[in-house]
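So the structure is just underneath, and the comments pick up after that.
Number of protein chains: 2
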Amino acid sequence: MGIIERKEREKEQRRNDIVDAAERVFLRKGFENTTVDDVAAEAELSKGTVYLYFKSKDELHYAINLRAMQKLNKIIRGVYDEKKDVVVNLEAMGNVFIKFAEEFRIYFEAILHFNSKSLANIEPCMTHDLLSDESPISFLVELIDKGKSKGEIRSDMNSILIVELLWSQIMGVLQFVFYKQELFKMFNITSEQVLTGLFEILKNGVRKSLEK
Amino acid sequence: MGIIERKEREKEQRRNDIVDAAERVFLRKGFENTTVDDVAAEAELSKGTVYLYFKSKDELHYAINLRAMQKLNKIIRGVYDEKKDVVVNLEAMGNVFIKFAEEFRIYFEAILHFNSKSLANIEPCMTHDLLSDESPISFLVELIDKGKSKGEIRSDMNSILIVELLWSQIMGVLQFVFYKQELFKMFNITSEQVLTGLFEILKNGVRKSLEK
DNA sequence: CCAAATTATGACTGTTAGTCATTTTTTATT
DNA sequence: AATAAAAAATGACTAACAGTCATAATTTGG
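Note that the protein sequences, when read in sequence, are chains V and G.
As numbered in our numbering, the first sequence has no gaps in its residue numbers, which increase by one up to the final residue, 212.
As numbered in our numbering, the second sequence has no gaps in its residue numbers, which increase by one up to the final residue, 1212.
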């Protein structure tokens, strides 16, 4: 009786089709200016049907965010090179994150969007997703632990704390660069300078005594 | 001919009254859940009148953001102690920023709100405001310059860049703590630990060799 | 071929930002 | 004090959009 399974698959497929349509509209009209009607039209479905597959607009947004995190996760894990130092690996991961943000604008926008949303307002599953293997967090914690045992990373700070600090600092800077571009242009500061500077601070801090 | 001036003052006063009313409603209902009708009712004015003084809801929000930045600015400048090291001053400023965020929740929410908005969508004056003496930015740039000449701060990085990096990193972490509290609770990480950790990273980075 | 279950529809509701013709109040002039 | 002109205030109205639900179309299993 594979009918139930097939139906299950078809339902999954339709959900995916809607998310695909949403991505296309977002790409055309931007994340914030897209209405549910737009998405329904693009998916060649009625609005009611969209609401059959997603409880709310936010949940549709969240589906994109999930895809984004999964892609980012793969990319970050993909550059890991166990022969290299942990700190070198971290920097490489930071760099592919930047590349990811440039290449998959919509995905990055989705991540930014949920970065400034309270967990309380979103599906409770978000907390779970953030910590699952679909997210880079768990992998990064392991990496930091490895760095500690190799004597590369300070061991007087909780690994989870380190990862969340690094993550939120990078997100903070990317958000600033993304939303306040004009400010940097005004001072002839390029995105590259900002990001090089960020990694420099993250690695070495601002103290003169630590200047290379 | 003081009539025009008096009218000017009255207009200013009314604008202020509306912002005062808005603050009260925000405190009751939260920043995001407040409608313009709510604000008008609280100010005992019609909605149309509110729109006479503010072009849009966003501009009303922005007025709160301005007040918030002015208050923060005063507080940050207030703790400056020229006898102390620049890095010590920076840390003290970071700490009063945290206290500010706790004490003036609405103001902090307003700052967070505009932190994740594109400059392009807001009044063009925002860029100006961000750099004026009403904002802590210009003061911090001077402080970093002083740190450089005293040999405390690395001089191989543009001072504006340093300030914007520090600012956006701190905002990133505060945003994360604010919106993702549940995550920290789950790992028994307190806000204090996060912020101590942040300052530690900002000062020293994550390298073992720099561990105190 | 039919009835039950599933899936899809789009007209409808509710909410809220923003507008504008009209009214009320204030100012300047006689 | 009476009146015309200017300024300020009003609230009913529009437009846009998220979300709902009674009804219709389609699929399934007998």
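Ideal Cβ placement from N, Cα and C applies to all residues, glycine included.
In this text the structure is predicted, and so the values were computed from the model without any measurement.
Here K1180 of chain G is buried. Its C-beta has 16 or more other C-beta atoms within 10 Å. At the C-beta level, V1163 of chain G and S168 of chain V stay beyond 8 Å of one another.
The distance from the Cβ of I1076 of chain G to that of P1136 of chain G is about 5 Å, consistent with a contact at the 8 Å cut-off. Chain G places no beta carbon closer than 8 Å to that of E192 of chain V, leaving this residue out of the contacts.
In this structure, DSSP gives I153 of chain V an extended state, which the three-state scheme calls strand.
If the five residues before and after R1024 of chain G are omitted, its C-beta is found closer than 7 Å to the C-beta atoms of E1042, all from its own chain and listed in chain order. For L1112 of chain G, the enclosing alpha helix (DSSP H) covers residues 1105-1115. In the three-state reduction of the DSSP assignment, N1089 of chain G falls in the helix class, which pools H, G and I.
Collapsing the DSSP output to three states places A41 of chain V in a helix. An exposed status is given to F1187 of chain G, since fewer than 16 other beta-carbon atoms sit within 10 Å of its beta-carbon.
Nearest CB-CB separation between E182 of chain V and chain G: below the 8 Å threshold. By the CB criterion at 8 Å, I1201 of chain G and L165 of chain V fall inside the cutoff.
Taken atom to atom, the span from the alpha-carbon of V96 of chain V to that of S1046 of chain G is near 52 Å. Burial is judged here by how many other beta carbons sit within 10 angstroms of a residue's own beta carbon; V1088 of chain G has fewer than 16 and is exposed. Rounded to the nearest whole angstrom, the CA to CA distance from F31 of chain V to K1083 of chain G is 49 Å.
Contact between the segment 1098-1117 of chain G and the segment 1146-1163 of chain G is not established, with fewer than three Cβ pairs separated by less than 8 Å.
Judged by their CB atoms, A1068 of chain G and A1110 of chain G are nearer to each other than the 8 Å cut-off. Using a Cβ distance threshold of 8 Å, H61 of chain V and H128 of chain V do not count as a contacting pair. When 7 Å is used as the limit between beta carbons, F31 of chain V is near no residue of chain G, the shortest such separation being about 11 Å. In this model, G197 of chain V and M1093 of chain G are separated by some 21 Å (Cα to Cα). Listed along the chain, the chain V residues whose CB falls inside 8 Å of the CB of S1138 of chain G amount to none; the nearest CB is some 12 Å away. In the structure shown, E12 of chain V adopts helical secondary structure according to DSSP, grouped into three states.
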